[in-house]
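In the numbering used here, the protein residues as written are 30 to 352.
Don't be surprised by glycine CBs; every beta carbon is placed ideally from N, CA and C.
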Ligand code: AHR
């Protein structure tokens, strides 16, 4: 069974994900993919799935790793335009600063599809955006905490994603909306961990030091699982029990967070499918077939997982999927 079919099975989704057998043939198409980098397990899986989706459809995928830098992404996109690719996929590291390069792609009549993050640019500069509802992801995480703590006072520390990226902006907003009516829950400290495990650990260590060695922290909300895994290590190093002394809620649903949930060291995660490329290729196929304009925003599901959702089984189902 290939990675896409396994992913569809793991997520229990057959409609939102193209499971290989249904994939349209795009033989002869050359598609450039400007990827952010490899900051997280989730992103590694997105890259693996995109490569596999391309292979299944006969796409010649030109891959460019931007090493977390917008300037590298802009350079790569200009390179794709110069090569005359048929389409461009881009996972934009931050929201702003895309107008010029997207206008250049439009001028060259090359459709652009945004993957997993949004941009602050006119909507006519890209064909479609395949992403989750990131505000909703934050709301789901926040609502889980509201339900979990009830009337107990709770100081939350927040590990934000990359500054200026849409998931960092929107996941913060959604979480704040969810806890707004719970006066017992307060975000006591909030800082970026740049979506990485190492930064998540480092920032959590600082939060613990400035919070009475963690005694004043009830929960950590991390904008992705990798930062949560780093925070879990910092909490353990401080002699506390993650998952019970300090609750842990995050976003992505990568295998390592399911191991942590199974071990009682994390409490909840919100799933983000790494299969953004399947719907993107489907949209391009329909567009090329008869000019069908896709929905401007193709939204993937945001499902909550906790210890009640067979975390060990979820780990087993996902562990070979490229994370
Ligand atoms: O844009 C999606 C986010 O980027 C994922 O949640 C995170 O892990 C990644 O690096």
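Beta-carbon separation (whole angstroms), residue i vs residue j, contact threshold 8 Å
i           : j           : result
residue 68  : residue 305 : Not a contact, Cβ separation roughly 16 Å.
residue 219 : residue 262 : Contact doesn't hold; Cβ gap of about 20 Å is too wide.
residue 352 : residue 71  : 7 Å
residue 192 : residue 221 : 5 Å
residue 53  : residue 314 : 4 Å
residue 122 : residue 65  : 5 Å
residue 224 : residue 256 : 6 Å
Three-state secondary structure (DSSP) of residue i
i           : result
residue 44  : Any reading at residue 44 needs caution, since the residue's pLDDT is 36, under 50, leaving its predicted position unreliable; the model's value is listed next. In this structure, residue 44 counts as coil in the three-state DSSP scheme.
residue 281 : strand
residue 350 : coil
residue 94  : strand
residue 237 : helix
residue 301 : coil
residue 217 : strand
residue 288 : helix
residue 224 : coil
residue 339 : coil
residue 265 : helix
residue 108 : helix
residue 118 : strand
Contact test: residue i Cβ vs ligand 1 heavy atom, cutoff 7 Å
i           : result
residue 139 : no
residue 145 : yes
residue 224 : yes
residue 431 : Past the boundaries of the shown model lies residue 431; the chain is included only from 30 to 352, so the question cannot be answered.
residue 72  : yes
residue 303 : no
residue 280 : yes
residue 331 : no
residue 253 : yes
residue 165 : no
residue 187 : no
residue 63  : no
residue 121 : no
residue 196 : yes
residue 68  : yes
Spatial distance of residue i from residue j (CA atoms)
i           : j           : result
residue 44  : residue 267 : Any reading at residue 44 needs caution, since the residue's pLDDT is 36, under 50, leaving its predicted position unreliable; the model's value is listed next. Using only the alpha carbons, I get a separation of about 44 Å.
residue 281 : residue 166 : 9 Å
residue 169 : residue 333 : 7 Å
residue 93  : residue 136 : 22 Å
residue 47  : residue 146 : Unreliable placement is indicated for residue 47, whose pLDDT of 43 sits below 50; the coordinate value is still reported in the next sentence. Each residue's alpha carbon lies about 20 Å from the other.
residue 42  : residue 285 : The pLDDT assigned to residue 42 is 39, lower than 50, so where the model puts this residue is not dependable; a value taken from the coordinates is nonetheless given after this. For residue 42 and residue 285, the distance between alpha carbons rounds to 21 Å.
residue 303 : residue 297 : 18 Å
residue 321 : residue 327 : 14 Å
residue 207 : residue 323 : 31 Å
residue 63  : residue 106 : 7 Å
residue 259 : residue 179 : 27 Å
residue 371 : residue 240 : The structure shown does not extend to residue 371, since the chain is modelled only from 30 to 352, so the question has no answer here.
residue 292 : residue 176 : 21 Å
residue 311 : residue 149 : 24 Å
residue 421 : residue 246 : Outside the shown range of the chain, which is 30 to 352, sits residue 421, and nothing can be said about it.
residue 235 : residue 159 : 35 Å
residue 163 : residue 171 : 12 Å
residue 317 : residue 89  : 16 Å
residue 249 : residue 335 : 15 Å
residue 109 : residue 217 : 45 Å
Residue from the options with nearest C-alpha to residue i
i           : options               : result
residue 229 : 320, 348, 186 and 332 : 186
residue 151 : 65, 126, 88 and 170   : 126
residue 83  : 65, 97, 316 and 117   : 117
residue 174 : 203, 315 and 307      : 203
residue 254 : 289, 325 and 57       : 289
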